[in-house]
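Q: Numbering of the sequence shown is given in our numbering, commencing with residue 1 and proceeding in unit increments. Glycine is no exception: its CB is placed at the ideal position from the N, C-alpha and C atoms. None of the values given here were measured: they were computed from a predicted structure. Sharing a structure, written as structure tokens. Questions coming.
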Amino acid sequence: MLKRTIIALALTLAAQPAQAQFVMPAITPAEAPAQPDAIALYGAATPGAASSENWFRFGGNDLAVRNVNRPTLTPVLPDPARANGTAVIVAPGGAFMMLAWDHEGMRVARALADRGIAAFVLKYRVIPTPVDEAEAQRFMGQQMAAGLSDPTRQPTLQYPASTEDALAALAMVRANADEWNVDPQRVGMIGFSAGAMTSLNAVLAADAGQRPDFFGYIYGPQPAVTVPADAPPMFVAIAFDDPLFSTQGFPIVEAWHAAGRPVELHAYDRGSHGFGLGVPGTTTSLLLDEFTAWMAMQGLMAPRVDQ
């Protein structure tokens with residue numbers, strides 16, 4: 001799997017002297033997929049004169065992308081007969097240097113749409129990486145080793161543009177709520193790894209009306225944060241054997257709970273990091289069922305009152 005190989009690289013680099021060399025398996029460049037439904041997040045004001053994207057396949061057949069400088073939002077809408085009026089923006093992970101487009105993006109969005117939820121895959125801006133694949137892999141490993149060095153604190157590996165894009169995506173969905181048949185007060189997020197951090201940052205950086213109304217924080221870092229008094233409900237999922245983000249007793253969950261805000265934790269025995277919708281043979285495969293059951297408990301799966 002793509003992300004697990006990147007993680008192995010980062011952990012190896014962190015344990016070796018700076019001058020040590022590490023050879024990473026080659027990735028396969030790929031053509032950009034057709035994206036006829038993708039909407040430019042900022043319209044004519046979209047950053048970047050031209051797209052700089054590098055698409056590739058790695059660790060299987062899943063597509064991933066680097067060097068995103070023109071963010072988009074791709075709607076994946078449910079059958080109108082099943083639509084319940086709730087929307088979820090999906091933020092794939094990738095260490096803020098790539099996006100696991102299939103594994104934590106489109107695949108998740110389709111699964112949500114199958115359950116009546118309007119899903120929107122966010123292709124957010126990421127840290128520029130070298131065009132050359134070998135150089136890019138080395139660069140990403142070094143950035144991860146440096147930016148994830150203290151497990152007791154939120155990582156320093158961040159990219160503010162991703163938060164800007166998340167807030168712009170939330171605003172876009174709410175502004176087009178009638179067109180997409182969603183309730184503008186039921187617009188949430190689900191993020192994986194760096195996407196989880198992006199979702200969290202959208203909560204911490206904005207006022208209540210701009211934040212996600214609820215969010216899934218899937219294998220994100222566990223250190224505590226200062227929780228807003230009106231923070232939205234949070235669903236947390238992580239595996240105990242995650243090699244990247246140690247559980248450390250779940251301080252972020254405890255902080256949410258101490259602030260009196262709704263929070264639910266699912267800590268899986270096995271699954272490692274980057275399990276997406278689940279590793280066969282482990283209980284991580286229940287992730288989406290548990291997330292949507294939690295949404296139902298929050299009153300987010302019932303049809304809109306005005307439907």
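Please classify Q185: is it buried, with 16 or more other beta-carbons within 10 angstroms of its beta-carbon, or exposed?
A: Exposed, because fewer than 16 other Cβ atoms sit within 10 Å of the Cβ of Q185.
Q: Assuming P71 and A113 form a contact by the criterion Cβ under 8 Å, report the distance between their Cβ atoms to the nearest whole angstrom.
A: 21 Å between Cβ atoms; not a contact.
Q: Work out the CA separation of A64 and Q142 for me, nearest whole Å.
A: Those two C-alpha atoms are separated by around 19 Å.
Q: Assign D213 to one of two classes, buried (16 or more other C-beta atoms within 10 Å of its C-beta) or exposed (fewer than that).
A: So D213 counts as buried.
Q: Name the DSSP bridge partner or partners of P262?
A: Per DSSP, none; premise fails for P262.
Q: Please classify G209 as buried or exposed, where buried requires at least 16 neighbouring CB atoms within 10 angstroms.
A: Result: exposed.
Q: So, with DSSP's three-state summary, where would you put I127?
A: In this structure, I127 counts as coil in the three-state DSSP scheme.
Q: If you reduce the DSSP assignment to three classes, tell me which class M106 lands in.
A: If DSSP states are grouped into helix, strand and coil, M106 belongs with the helices.
Q: DSSP on L148, reduced to helix/strand/coil?
A: Looking at L148 - three-state DSSP - the assignment turns out to be coil, as it is neither helix nor strand.
Q: On a CA-only basis, which of L244, P243, S51 and A231 is nearest P262? Give me that one, please.
A: Closest by alpha carbon: A231.
Q: For Q21, collect the residues of the same chain with a Cβ closer than 7 Å to its Cβ; drop the 5 residues on either side in sequence, then sort them by chain order.
A: Any reading at Q21 is ruled out, since the residue's pLDDT is 36, under 50, leaving its predicted position unreliable.
Q: Would the segment 144-163 count as touching the segment 245-265 if we require 3 or more Cβ pairs under 8 Å?
A: Yes, the segment 144-163 touches the segment 245-265.
Q: Out of curiosity, what's the CA-to-CA distance linking T226 and S199?
A: The alpha-carbon atoms of T226 and S199 are separated by roughly 15 Å.
Q: Taking its Cβ as the centre, do 16 or more other Cβ atoms sit within 10 Å of E31, making it buried, or is it exposed?
A: It is exposed - the Cβ of E31 has fewer than 16 other Cβ atoms within 10 Å.
Q: What's the C-alpha gap between P25 and A237?
A: For P25, the pLDDT reaches just 46, beneath the cut-off of 50, and the residue's location in the model is therefore unreliable, although a value from the coordinates is still provided. Going by the C-alpha atoms only, they are around 29 Å apart.
Q: Are V173 and A267 touching if we call contact CB-CB under 7 Å?
A: For V173 and A267, no; Cβs fall outside 7 Å.
Q: Alpha carbon to alpha carbon, how far is M144 from I89? Give it in angstroms, no decimals.
A: Approximately 25 Å, taken between the alpha carbons.
Q: Hey, quick one: how far does the alpha helix (DSSP H) through F291 stretch, first residue to last?
A: Its alpha helix (DSSP H) spans residues L287 to M297.
Q: What did DSSP end up calling M97 once you bin it into helix, strand or coil?
A: Reduced to three states, the DSSP call for M97 is coil.
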